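Notes follow once the structure below has been shown.
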Amino acid sequence: MDFILHLGRGFFGIAVFLAIAVALSENRRAISWRLIATGVALQFTFAALVLYFAPARIVIEWIGSRFVDLLGFTNAGVEMLFGSLADKSKHGVLFAIQVLPSIIFFSAFSSLLYYLGILQKIVFVFAWVMSKTMRLSGAETLSASANIFLGQTEAPFLIKPYLPTMTRSEMLTIMTGGMATIAGAVMIAYIAFLGGDDPQQQVLFATHLITASVINAPAGLMLSKILLPQTEPVSTDLNVSKERIGSNLVDAVCVGTTDGLKLAVNVGAMLIAFTALIAMLNALLGWFGSPHDLVIGGATLVHYPGLNAWIREVTDGAFQSFSLELLFGLVYAPIAWLLGIDLGHLLQSGALLGTRTVLNEFISFSQLAGLKSSGALTDARTIIILTYAMCGFANIVSIGIQIGGIGALAPNQRSNLAQLGVKAMIGGTLACYLSACVAGILT
Numbered sequence: 001m002d003f004i005l006h007l008g009r010g011f012f013g014i015a016v017f018l019a020i021a022v023a024l025s026e027n028r029r030a031i032s033w034r035l036i037a038t039g040v041a042l043q044f045t046f047a048a049l050v051l052y053f054a055p056a057r058i059v060i061e062w063i064g065s066r067f068v069d070l071l072g073f074t075n076a077g078v079e080m081l082f083g084s085l086a087d088k089s090k091h092g093v094l095f096a097i098q099v100l101p102s103i104i105f106f107s108a109f110s111s112l113l114y115y116l117g118i119l120q121k122i123v124f125v126f127a128w129v130m131s132k133t134m135r136l137s138g139a140e141t142l143s144a145s146a147n148i149f150l151g152q153t154e155a156p157f158l159i160k161p162y163l164p165t166m167t168r169s170e171m172l173t174i175m176t177g178g179m180a181t182i183a184g185a186v187m188i189a190y191i192a193f194l195g196g197d198d199p200q201q202q203v204l205f206a207t208h209l210i211t212a213s214v215i216n217a218p219a220g221l222m223l224s225k226i227l228l229p230q231t232e233p234v235s236t237d238l239n240v241s242k243e244r245i246g247s248n249l250v251d252a253v254c255v256g257t258t259d260g261l262k263l264a265v266n267v268g269a270m271l272i273a274f275t276a277l278i279a280m281l282n283a284l285l286g287w288f289g290s291p292h293d294l295v296i297g298g299a300t301l302v303h304y305p306g307l308n309a310w311i312r313e314v315t316d317g318a319f320q321s322f323s324l325e326l327l328f329g330l331v332y333a334p335i336a337w338l339l340g341i342d343l344g345h346l347l348q349s350g351a352l353l354g355t356r357t358v359l360n361e362f363i364s365f366s367q368l369a370g371l372k373s374s375g376a377l378t379d380a381r382t383i384i385i386l387t388y389a390m391c392g393f394a395n396i397v398s399i400g401i402q403i404g405g406i407g408a409l410a411p412n413q414r415s416n417l418a419q420l421g422v423k424a425m426i427g428g429t430l431a432c433y434l435s436a437c438v439a440g441i442l443t
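Start counting the sequence shown at 1; every next residue gets the next number (UniProt numbering).
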């Protein structure tokens, strides 16, 4: 019975999220229903292959294990620089010491693969499959495929020559693809978050995060074409830019290291700032939720009982006081239900989904890791669904990042980037939600 309910709710969620995209479309008459069917079919096919087809599962798990190995290699560099501070058994998990350096190393490693041409070949395979099945332009599918491994401003570098002449629909596709996925450098940090010190858990979450990025790619393509259908003729040629990162192999590694350092510092700075802001807002909201008395001349004129005790009771202790997380939870609980999450975890899940959209996914993944490690959230299915739902850069901050990053590659497209930013964020968010529904149906 539970399986049937999960199945029904998952397909209902897919229908609702697609209906939202159709309702927000600029040209509903031009929507290709074949493209929608193909996009959803690709999501289910990729996910089913990984979860149920042994050879595909073995390959993805092998790739996940290599991501875990990269964490180990990172630790070697960290130990050289920070000594015993890298020892989790002595000092616990120090985020700045044990997580952020993995971003630097993976960025350097990605640049090495890019310089050698290996990454482009892998991207080409995914792009060829999506181009042939979804009948989209070669540049769009190349960028979407690159987003599986690279960030939202790095992937468009592969199609740099095409960017200045792209249509609005194509630009939205590029932006949505970036919002719907995460970079490999950030993925490795999330593996460290969710997997902790357990190698099996690390491989498990590496497998799910890789799968999420893969199935989010066709979802992003599909949703962008619903929101802004392509009506002009486009080229289907699959040509990867020959421009290289760095003048030689060592220079490529240095460039990747520098880029990774910038990203790691940016992530650390955002975490400090946003965590502090959340704490400040929660203190204000918590004060509002606390009981207060208006006392004049020793007499209590007004007694305000507060909300915190009531909140603790009705949430069964999941929330201790009136807080920003509770507000997010209330707003996003219906979405969590559509994703297939059980009723007992709707508020907690909604809080994470809201944090991811309004703030960023790094904050929400760190909160998910905290709930998981503390035992406040133990349901494996809920954790997996949330992993898929949050596996993307779709948040308000990313709009500015794309305007600056992609705009630098194609200055003539800056006005389109600014106009399409919110639409791309919506498309990227819905793509992640569709993938979460698929994961909920198949797990």
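Just so it is clear, CB atoms sit at the ideal spot from N, CA and C, and this is done for glycine as well.
Remember, it's a predicted structure, so these values are computed and weren't measured experimentally.
If we ignore side chains and look at the alpha-carbon of each, how far apart do residue i and residue j end up?
i, j, result
"Tyr304", "His292", "5 angstroms"
"residue 474", "Ile384", "Because residue 474 is not part of the residues shown, which for the chain are 1 to 443, the question remains open."
"Leu371", "Leu377", "5 angstroms"
"Ala276", "Asn282", "10 angstroms"
"Leu284", "Lys262", "33 angstroms"
"Thr211", "Ala21", "23 angstroms"
"Ser145", "Leu249", "24 angstroms"
"Val129", "Asn308", "53 angstroms"
"Ala185", "Val203", "16 angstroms"
"Val50", "Arg57", "4 angstroms"
"Trp62", "Ser321", "44 angstroms"
"Gly117", "Phe44", "30 angstroms"
"Gln367", "Phe193", "9 angstroms"
"Glu79", "Pro101", "11 angstroms"
"Ile191", "Ser25", "35 angstroms"
"Arg29", "Ala439", "30 angstroms"
"Tyr52", "Asp379", "21 angstroms"
"Ser415", "Ser398", "16 angstroms"
"Ala19", "Ile36", "11 angstroms"
"Ala183", "Gly260", "11 angstroms"
"Asn395", "Asn360", "6 angstroms"
"His208", "Ile103", "19 angstroms"
"Phe12", "Val255", "46 angstroms"
Can you tell me whether residue i is helix, strand or coil according to DSSP?
i, result
"Phe293", "In the sequence under discussion, the amino acid at residue 293 is Asp, which differs from the Phe named in the question. Of the three classes helix, strand and coil, the one that applies to Asp293 here is strand, per DSSP."
"Val99", "coil"
"Gln230", "coil"
"Asn147", "coil"
"Glu170", "helix"
"Thr181", "coil"
"Ile159", "helix"
"Leu85", "helix"
"Ile14", "helix"
"Arg135", "coil"
"Asn248", "coil"
"Met31", "Per the sequence shown, the amino acid found at residue 31 is Ile instead of Met. DSSP places Ile31 in coil when its eight states are reduced to three."
"Ser25", "coil"
Can a CB atom of chain C be found closer than 8 angstroms to the CB of residue i?
i, result
"Ala96", "Protein chain content of the structure displayed is limited to a single chain, and chain C is not contained in it."
For residue i, which option in the options has the closest C-alpha, if you only look at C-alpha atoms?
i, options, result
"Leu150", "Val123, Arg168, Tyr162, Ser131", "Val123"
"Ile311", "Val302, Val59, Gly407, Phe288", "Phe288"
"Cys432", "Leu386, Leu409, Ile406, Asn360", "Leu386"
"Arg9", "Ala318, Ile341, Leu327", "Ile341"
"Phe393", "Phe44, Met187, Trp62", "Met187"
"Ile31", "Ser169, Tyr332, Ala96, Asp316", "Ser169"
"Val253", "Tyr114, Leu42, Ala269, Gly354", "Tyr114"
"Ile148", "Thr38, Asn216, Ile278", "Asn216"
"Phe157", "Leu172, Leu221, Gly195, Ile245", "Ile245"
"Glu140", "Pro218, Cys391, Phe319, Gly427", "Pro218"
"Asp69", "Phe109, Ile4, Arg135", "Phe109"
"Met179", "Thr382, Arg356, Gly72", "Arg356"
"Met222", "Met390, Thr38, Ala408, Phe11", "Thr38"
"Ile406", "Asn27, Leu5, Gln152, Ile226", "Gln152"
"Gly64", "Ile4, Gly195, Leu271", "Gly195"
"Phe365", "Met390, Ala48, Val358, His345", "Met390"
"Ser247", "Met280, Leu71, Ser111", "Ser111"
For residue i, count neighbouring C-beta atoms within 10 Å of its own C-beta (all shown protein chains included) and say buried if the count is 16 or more, exposed if not.
i, result
"Pro164", "exposed"
"Lys132", "exposed"
"Ala206", "buried"
"Met166", "buried"
"Asn266", "exposed"
"Lys121", "exposed"
"Ala15", "exposed"
"Tyr388", "buried"
"Pro334", "exposed"
"Asp316", "exposed"
"residue 445", "Residue 445 lies beyond the stretch modelled for the chain, which goes from 1 to 443, so this question has no answer here."
"Gly220", "buried"
"Ile426", "buried"
"Leu42", "buried"
*asked:* Please give the ranges of any beta strand (DSSP E) in the stretch 273-351, keeping only runs that are unbroken, at least 3 residues long and fully inside the region.
replied: Within the stretch 273-351, the complete beta strand (DSSP E) runs of at least 3 residues are 292-296, 299-304.
*Where are the alpha helix (DSSP H) runs, 4 residues long or more, that stay fully inside the stretch 361-433, in chain order?*
Here the runs fully enclosed are 361-374, 380-389, 396-409.
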